[in-house]
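A.B. asks: So that we are looking at the same thing, I have put the structure below in structure tokens.
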Amino acid sequence: MAQPVATTFFFYFLSGVAILSGVLVITRKNPVHSALALILTLLSVAGLYLMLYAPFVAGVQIILYV
Numbered sequence: 005m006a007q008p009v010a011t012t013f014f015f016y017f018l019s020g021v022a023i024l025s026g027v028l029v030i031t032r033k034n035p036v037h038s039a040l041a042l043i044l045t046l047l048s049v050a051g052l053y054l055m056l057y058a059p060f061v062a063g064v065q066i067i068l069y070v
């Protein structure tokens, strides 16, 4: 079964953003920059939850952690 191109693109985009911003959380020395990267990481993980058709988990992710 072939997946739509947009779904695959958004999956790889959100995964890349999550990985890159996760690395930025660890490597940034400024705590404000690290916190902003952490927010971006958590939002991209919430987007991945939405792609898994789990809107409740995505909402909890945003409400509790962001």
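Counting from 1, position 40 in the sequence shown corresponds to residue 44 in the working numbering; the numbering is continuous, with no gaps. Using N, Cα and C, we set each Cβ at its ideal position, and we do this for glycine too. These numbers come from a predicted model, not from an experiment.
1) For Val9, does the count of other Cβ atoms within 10 angstroms reach 16, so buried, or fall short, so exposed?
2) Taking the alpha-carbon positions, what's the Leu68 to Ile43 distance?
3) Taking the alpha carbon of Val49 as the point to measure from, which residue in Ile30, His37 and Val64 has its own alpha carbon closest?
4) Pro8 lies in the alpha helix (DSSP H); which residues open and close that run?
5) Please give the ranges of any alpha helix (DSSP H) in the stretch 39 to 65, keeping only runs that are unbroken, at least 4 residues long and fully inside the region.
C.D. replies: So, from the data block:
1) The Cβ neighbour count for Val9, taken over all protein chains shown within 10 Å, is under 16; the residue is labelled exposed.
2) Cα to Cα, Leu68 sits roughly 12 Å from Ile43.
3) Selected option, being the one with the closest Cα: Val64.
4) Per DSSP, Pro8 lies in no alpha helix (DSSP H) segment and is marked neither H nor E.
5) DSSP runs (the alpha helix (DSSP H)) wholly in the stretch 39 to 65: none.
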